[in-house]
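These notes concern the structure reproduced below.
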Amino acid sequence: MRDVAIIGVSQTKFGELWDKSFRDMITEAGMGAIQDANIEGAELEAMYVGNMSAGLFVQQEHIAALIADHAGLTPIPCARIEAACASGGLALRNGIMAVASGYHDIVISAGVEKMTDVVDPTPMIASASDQEWEAKQGVTFPSLYAMMARRHMYEYGTTREQLATFSVINHANASKNPRAQFPMEITVEQVLNSTMVADPLRLLDCSPVSDGAAAVILCPAEDARKYTDTPIYVKASAQASGTIALHDRKSLTTIDATVNAARTAYNMAKMEPKDIGAVEVHDCFSINGLLAVEDLGFVEKGKGGVAIEEGMTQIDGEIPVNPSGGLKARGHPLGATGIAQTAEIVWQLRGEAGKRQIDGLEIGMTHNIGGTGGTAAVHIFSL
Ligand code: COA
819 MRDVAIIGVS
829 QTKFGELWDK
839 SFRDMITEAG
849 MGAIQDANIE
859 GAELEAMYVG
869 NMSAGLFVQQ
879 EHIAALIADH
889 AGLTPIPCAR
899 IEAACASGGL
909 ALRNGIMAVA
919 SGYHDIVISA
929 GVEKMTDVVD
939 PTPMIASASD
949 QEWEAKQGVT
959 FPSLYAMMAR
969 RHMYEYGTTR
979 EQLATFSVIN
989 HANASKNPRA
999 QFPMEITVEQ
1009 VLNSTMVADP
1019 LRLLDCSPVS
1029 DGAAAVILCP
1039 AEDARKYTDT
1049 PIYVKASAQA
1059 SGTIALHDRK
1069 SLTTIDATVN
1079 AARTAYNMAK
1089 MEPKDIGAVE
1099 VHDCFSINGL
1109 LAVEDLGFVE
1119 KGKGGVAIEE
1129 GMTQIDGEIP
1139 VNPSGGLKAR
1149 GHPLGATGIA
1159 QTAEIVWQLR
1169 GEAGKRQIDG
1179 LEIGMTHNIG
1189 GTGGTAAVHI
1199 FSL
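Read left to right, the sequence shown gives residues 819 to 1201 (the working numbering).
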């Protein structure tokens, strides 16, 4: 196996991008990453695109070929990777495996979703849950995560204020991120008074409905300095599956796929949670951000709420979480998220994160979840 490096990254602005089509967004992200890597498009040997549901959101299937064609990259071999909201994380992982194995040298892994063209995206998003046992009974993603939040509050005494603080920190970070969908600062009171979505989760506990795309370029680590003075090295690429439906779980307050993927990643990188300097976690709802802080091993199970309240996850805290603003405030175009998380950690490691820069970061992690934990991808990167 060869070591792999990232030599280029890019992300479009996330938001309601009425003036940009599905193919415009992914091409913009891809071109940005190609320019960032100082390569020509013709040097790319393969393309993997994370996308959850172009079929339901924009009635377009066969998207990898569509993108290759629109971007002028044919006859590049290309494939769409789907794992609900973890599609981007798995597109990255497939790119890493292609380079590590020696099958390809320069690979682009990207992600894209256009969610705002439909009147009601909720049933499309719910298709990532168990249709027979959950969605068709009327359950939605906010309500699934609301049940997990209720249970965490019951088992560990987690408070509404602690959950709200997770969103407040995300928005503070997003206010320094020009690519974020909701770059406004908010307060705990505003979260607690925002519209109820699924009790106990309110509007400001939820990631938004978003359009956007992101891309990264990978190559063998030994070649990376030909392209850039600041290659970022992939130290671990791990994935695990878990139960799709909540009722099959032993616990509603642990996402086993995260625990298992994290264990594999730490073993692969020969690292422990204390070695990680910053992490982008999958906070599609505030409770999932809190669960991630616990399940990735940064605090003991049940202690996430207190840790967040005490400032541990702030940008200048012990373990900065979501310097980009996270899914909550940077935005969550489903298939693009895992790649956007990677771009943020790369910018942070290179020292290119502007006003939200974490001083002296050497090792960063990304955590990308599909559904309520049917899939988890965890990656570790270093300077
Ligand atoms: N955070 C902050 N503000 C938000 C927001 C969010 N998550 N979602 C919408 N808004 C704002 C809008 O900008 C709009 O503001 P305006 O009135 O000033 O223009 C207002 O709230 C209403 O927006 P609207 O689009 O009508 O909201 P909605 O009620 O249709 O949708 C949610 C709100 C929370 C239901 C929707 O964002 C949602 O479903 N989020 C979860 C997405 C999801 O499940 N992703 C997958 C997770 S695994």
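Even glycine gets a Cβ: it sits at the ideal position worked out from N, Cα and C.
Among the options, nearest to residue i - alpha-carbon criterion
i: glycine 929; options: Glu1170, Gly1172, Arg1168 and Thr1155; result: Thr1155
i: valine 936; options: Asp948, Ser871 and Lys1119; result: Ser871
i: phenylalanine 1000; options: Val1006, Gln1008, Ala990 and Glu1007; result: Ala990
i: alanine 897; options: Gly920, Cys903, Met865 and His922; result: Met865
i: glycine 1188; options: Val1139, Val986 and Asp1101; result: Asp1101
i: lysine 994; options: Met1089, Gly1172, Leu1022 and Thr940; result: Gly1172
i: alanine 982; options: Ile1126, Pro1049, Val1111 and Ala904; result: Ile1126
i: lysine 1088; options: Ala1042, Ser1055 and Arg1067; result: Ser1055
i: leucine 835; options: Arg997, Asn869, Asp938 and Ser985; result: Arg997
i: arginine 978; options: Pro1018, Leu1070 and Ala902; result: Pro1018
i: alanine 1039; options: Gly850, Ser839, Asp854 and Ser1200; result: Ser1200
i: isoleucine 1157; options: Pro1138, Pro1049, Gly1030 and Tyr1051; result: Gly1030
i: glutamate 1026; options: Ala851, Ile852 and Gly1144; result: Note that residue 1026 is proline in the sequence shown here, rather than glutamate. Ranking Ala851, Ile852 and Gly1144 by Cα distance to proline 1026 puts Gly1144 first.
i: arginine 1043; options: Ile824, Gly833 and Thr1193; result: Ile824
Three-way DSSP call (helix, strand, coil) for residue i in this model
i: tyrosine 1051; result: strand
i: glutamine 853; result: helix
i: glutamate 1098; result: strand
i: glycine 1153; result: helix
i: methionine 1183; result: strand
i: valine 1111; result: helix
i: isoleucine 1062; result: coil
i: proline 941; result: helix
i: glutamine 999; result: coil
i: glycine 890; result: coil
i: lysine 1044; result: helix
i: alanine 1056; result: strand
i: leucine 1036; result: strand
i: glutamate 931; result: strand
i: isoleucine 1163; result: helix
Residue i versus residue j: straight-line alpha-carbon distance, rounded
i: glycine 873; j: methionine 933; result: 11 Å
i: aspartate 1074; j: isoleucine 914; result: 24 Å
i: valine 925; j: leucine 862; result: 6 Å
i: threonine 1184; j: glycine 906; result: 11 Å
i: glycine 975; j: valine 1117; result: 15 Å
i: glycine 1120; j: glutamate 973; result: 8 Å
i: glutamine 829; j: valine 1034; result: 9 Å
i: tryptophan 951; j: leucine 1064; result: 9 Å
i: alanine 1147; j: serine 985; result: 8 Å
i: glutamine 1008; j: methionine 1002; result: 12 Å
i: threonine 1013; j: proline 960; result: 13 Å
i: threonine 845; j: alanine 889; result: 6 Å
i: alanine 902; j: alanine 1195; result: 12 Å
Residue i burial status per 10 Å Cβ neighbour count (16 or more: buried)
i: asparagine 1186; result: buried
i: tryptophan 1165; result: buried
i: methionine 843; result: buried
i: glutamine 1057; result: buried
i: aspartate 1023; result: buried
i: aspartate 1113; result: buried
i: glutamine 783; result: The requested residue 783 does not occur in the structure, where the chain is confined to residues 819 to 1201.
i: serine 919; result: exposed
i: proline 1141; result: buried
i: threonine 940; result: exposed
i: methionine 819; result: exposed
Minimum Cβ-Cβ distance from residue i to chain D less than 9 Å
i: aspartate 1047; result: Within the model displayed, chain D is absent; a lone protein chain is all it includes.
Would the segment 893–907 and the segment 1166–1183 be scored as touching if the rule is three or more Cβ pairs under 8 Å?
The segment 893–907, when compared against the segment 1166–1183, does not touch it at the 8 Å Cβ threshold.
With three or more beta-carbon pairs closer than 8 Å as the criterion, would you say the segment 1104–1112 touches the segment 1148–1162?
No, the segment 1104–1112 is not in contact with the segment 1148–1162.
Would you be able to state if there are at least three C-beta pairs under 8 Å between the segment 959–972 and the segment 1068–1084?
When C-beta atoms of the segment 1068–1084 are compared with those of the segment 959–972, three or more pairs fall below 8 Å, so the two segments count as touching.
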